[in-house]
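Chemist: First the structure, which I've put down as structure tokens, then a few questions once you've had a look.
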DNA sequence: TCCCAGCCATGACAGGTGTCATGGGCAGGT
DNA sequence: ACCTGCCCATGACACCTGTCATGGCTGGGA
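Protein chains in written order, with the working numbering: chain C, 35 to 235; chain Z, 35 to 235.
Here it is in structure tokens:
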């Protein structure tokens with residue numbers, strides 16, 4: 035019997051996935067949480083063996099939760115199950131210690147298989163996503179550029195970004211200009227959008 | 035026995051919701067589709083009574099699908115089940131003829147209840163969402179402003195937007211300026227983001 | 001040690017952007 | 001018929017942005 039923890043902030047999706055997995059004879063959902071920062075504690079108290087983690091969650095992202103799990107409960111294996119198959123997410127997930135990565139777009143049957151493989155110690159990654167992830171390569175952005183670009187996501191002016199980052203306006207413009215060049219965009223808004231869709235920020 | 039059609043582009047979520055609803059004794063999932071433009075045909079051939087529609091779908095949005103259903107199969111009732119509880123979505127959903135609106139964030143139990151109420155001819159709207167929807171009110175944007183703002187979402191320059199909309203650069207700037215004023219933003223990128231999060235575009 | 005990459009900052013320039021005033025055309029309501 | 005609101009367009013102005021050149025600083029490799 036494989037003991038599963040489910041982490042997804044949408045109660046309906048969480049419950050539905052639980053219903054789906056409980057149909058499998060060899061899988062048992064032993065815990066459900068709706069926040070990333072509840073994952074480690076719940077995994078500990080429920081003695082879960084595999085954690086299904088959504089990326090978008092309050093508290094901690096699924097990626098960060100996987101990192102905590104690796105540090106505090108190394109015998110627990112994480113499987114990222116997310117809506118967005120952004121290239122770059124896969125790499126970050128594996129770097130964070132996740133054992134697998136599937137998108138919510140996969141056939142329902144394959145989820146149980148993925149759980150079994152992860153539980154058996156294998157790594158499982160959506161094949162289509164894996165190639166796309168390798169295509170886009172690692173982030174070309176420096177840490178600072180990524181940070182500034184993140185602040186530019188909401189469409190703020192350069193002055194507002196500079197204030198939030200405690201930097202001069204000119205420096206922000208330089209970082210943004212570098213990011214625009216590296217992403218192949220022509221405005222900072224487009225660069226921010228591209229970087230996000232590639233999982234770079 | 036209530037006959038249900040499920041429309042969601044994420045196969046995993048669709049399958050999981052099906053597993054969840056099939057646990058109910060009086061509910062039967064008779065069809066599943068992954069695209070908005072397959073909803074009407076599938077509803078017709080499966081003789082579904084209630085359609086659960088996600089908003090974000092290829093082909094047609096759930097809102098548009100609800101509109102088609104009302105026109106072609108008026109006896110079928112639609113229930114919008116979506117990830118984003120954006121104020122403004124509720125109003126648009128009800129305008130499109132949907133009988134209910136719930137977010138994926140609701141407890142699993144309530145979904146079956148919502149389905150039963152919709153089937154019984156009642157309207158069901160997430161109470162928290164309903165008040166928020168009334169708070170934000172209807173869209174302040176004119177049709178043209180919303181259209182231009184939609185083109186500005188990806189961070190394009192004004193010139194690029196003008197080319198795509200077949201308008202002069204000056205006109206685009208005017209529409210954007212009006213939209214910026216109405217949304218209380220200070221750049222078009224921020225205005226586009228605000229309008230989207232309010233369900234106005 | 002030198003050198004390089006990244007970070008921060010300044011200044012200047014061209015071109016993009018947001019605002020405003022103005023005007024014509026078109027539908028819908030009184 | 002009149003008014004109102006929306007759409008489209010033009011032109012001018014101040015300001016914001018993206019780019020480039022330049023320089024100083026720091027923390028690693030070679």
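In this text, a Cβ means the ideal position worked out from N, Cα and C, and glycines have one as well.
Since the model is a prediction, treat every value here as computed from it, not as a measurement.
Give the DSSP-derived three-state secondary structure of residue 182(Z) in the structure shown.
Modeler: Of the three classes helix, strand and coil, the one that applies to residue 182(Z) here is helix, per DSSP.
Chemist: Where do the ends of the beta strand (DSSP E) carrying residue 111(Z) lie?
Modeler: That run of the beta strand (DSSP E) goes 111 to 116.
Chemist: Could you check if residue 126(C) is buried or exposed, using at least 16 other CB atoms within 10 Å of its CB as the buried criterion?
Modeler: Answer is buried; the Cβ neighbour count reaches 16.
Chemist: What I want to know is whether the C-beta of residue 124(C) ends up closer than 7 Å to one or more non-hydrogen atoms of the ligand NAP.
Modeler: As presented, the structure is devoid of all ligands, the ligand NAP included, so that no description of it is given.
Chemist: Can you list the residues of chain C that residue 220(Z) reaches, using a CB-CB cut of under 9 Å?
Modeler: In chain order: 189, 190, 191 and 194.
Chemist: Have a look at the DSSP bridge pairing and note the partners of residue 87(C).
Modeler: Residue 87(C) pairs with 41(C) and 114(C).
Chemist: Please tell me whether residue 194(Z) and residue 226(Z) are closer than 8 Å, where the distance is taken between their beta carbons.
Modeler: Not in contact: residue 194(Z) and residue 226(Z) (Cβ atoms no closer than 8 Å).
Chemist: Use the C-beta contact count for residue 88(C): other C-beta atoms within 10 angstroms, 16 or more gives buried, fewer gives exposed.
Modeler: Buried, because 16 or more other Cβ atoms sit within 10 Å of the Cβ of residue 88(C).
Chemist: Kindly list, in the order they appear in chain Z, the residues whose Cβ is closer than 7 Å to that of residue 49(C).
Modeler: The contacting residues are 54 and 142.
Chemist: Would you mind giving the Cβ-Cβ distance between residue 95(C) and residue 45(Z), rounded to the nearest angstrom? I have them listed as a contact below 8 Å.
Modeler: That pair is no contact at about 23 Å.
Chemist: If you count every other CB in all the chains shown that lies within 10 Å of the CB of residue 211(C), and 16 or more means buried, which is it?
Modeler: Counting Cβ neighbours within 10 Å, residue 211(C) comes out exposed, since fewer than 16 surround it.
Chemist: What would DSSP say about residue 196(Z), mapped onto helix, strand or coil?
Modeler: Three-state result, residue 196(Z): helix.
Chemist: For residue 63(Z), which residues in the same chain have their Cβ closer than 7 Å to its Cβ, ignoring the five residues on either side in sequence?
Modeler: Excluding positions up to five away in sequence, the list reads 38, 40, 52, 55 and 56.
Chemist: At which residue ranges does the segment 102 to 158 of chain C contain complete alpha helix (DSSP H) runs of 4 or more residues, listed in the order of the chain?
Modeler: With a minimum length of 4 residues, the continuous alpha helix (DSSP H) runs that stay inside the segment 102 to 158 of chain C are 123 to 129 and 142 to 153.
Chemist: Where does the unbroken beta strand (DSSP E) through residue 235(C) begin, and where does it stop?
Modeler: Note, residue 235(C): premise wrong, no beta strand (DSSP E); not H, not E.
Chemist: Residue 29(Z) to residue 198(C), Cα distance in whole Å?
Modeler: Only positions 35 to 235 of chain Z appear in this structure, which leaves residue 29(Z) out of reach.
Chemist: How about residue 44(C): is its C-beta nearer than 8 Å to some C-beta of chain Z?
Modeler: Residue 44(C) counts as touching chain Z.
Chemist: Relative to the alpha-carbon of residue 154(Z), which residue among 176(Z), 113(Z), 235(Z) and 164(Z) has its alpha-carbon at the smallest distance?
Modeler: Taking only the C-alpha atoms, the option nearest residue 154(Z) is 113(Z).
Chemist: According to DSSP, is residue 223(C) part of a helix, a strand, or is it coil?
Modeler: Note: residue 223(C) maps to helix in three-state DSSP.
Chemist: Ordered along the chain, which non-local residues of its own chain (more than five positions away) have a Cβ less than 6 Å from that of residue 58(Z)?
Modeler: The residues are 146.
Chemist: Ignore the nearest five residues each way along the sequence and tell me which others in residue 228(Z)'s own chain have a CB closer than 7 Å to its CB.
Modeler: Cβ within range, chain order: 217 and 219.
Chemist: With C-beta atoms as the reference, is residue 180(C) less than 8 Å away from residue 152(C)?
Modeler: Against a cut-off of 8 Å, the Cβ pair of residue 152(C) and residue 180(C) comes out as no contact.
Chemist: Say whether chain C places a C-beta atom closer than 8 Å to the C-beta of residue 117(Z).
Modeler: By this cut-off, residue 117(Z) is an interface position.
Chemist: Per DSSP, which one or two residues make a beta bridge with residue 65(Z)?
Modeler: Partner(s): 39(Z).
Chemist: How many angstroms separate the CA atom of residue 129(Z) from the CA atom of residue 189(C)?
Modeler: C-alpha separation (whole angstroms): 31 Å.
Chemist: Applying the criterion that 16 or more other CB atoms from any shown protein chain within 10 Å of the CB defines a buried residue, is residue 116(Z) buried or exposed?
Modeler: Looking at its Cβ environment, which holds 16 or more other Cβ atoms inside 10 Å, residue 116(Z) is buried.
Chemist: Once the 5 residues before and after residue 183(C) are set aside, which same chain residues still bring their CB inside 6 Å of it?
Modeler: Around residue 183(C): 213, 226, 229 and 235.
Chemist: Going by alpha carbons, who is nearest to residue 121(C) out of 49(C), 173(C) and 206(C)?
Modeler: For residue 121(C), the nearest C-alpha among the options comes from 173(C).
Chemist: Enumerate in chain order the residues of its own chain whose CB-to-CB distance from residue 36(C) is below 8 Å, with the five nearest sequence positions on each side excluded.
Modeler: Here the set comprises 60, 61, 62, 83, 84, 149, 150 and 153.
Chemist: Using three-state DSSP, classify residue 51(Z) as helix, strand or coil.
Modeler: Correct three-state label for residue 51(Z): helix.
Chemist: Helix or strand or just coil, what does DSSP make of residue 202(C)?
Modeler: Coil at residue 202(C), not helix or strand.
Chemist: Tell me whether residue 161(C) sits in a helix, a strand or coil according to DSSP, three-state version.
Modeler: Reduced to three states, the DSSP call for residue 161(C) is helix.
Chemist: Chain C partners of residue 216(Z), CB-CB under 9 Å?
Modeler: Near residue 216(Z) there are no residues of chain C at all, since even the closest Cβ is about 15 Å away, more than 9 Å.
Chemist: At the level of alpha carbons, what is the spacing between residue 143(C) and residue 222(C)?
Modeler: Spanning the two alpha carbons is a distance of roughly 41 Å.
Chemist: For chain Z, check one thing: does any of its Cβ atoms lie closer than 8 Å to the Cβ of residue 139(C)?
Modeler: Taking Cβ atoms only, chain Z reaches closer than 8 Å to residue 139(C), which makes this a yes.
Chemist: Leaving out five residues on either side along the sequence, give the residues of the same chain with a beta carbon under 8 Å from the beta carbon of residue 77(Z).
Modeler: 39, 65, 85, 103, 107 and 110, listed in sequence order.
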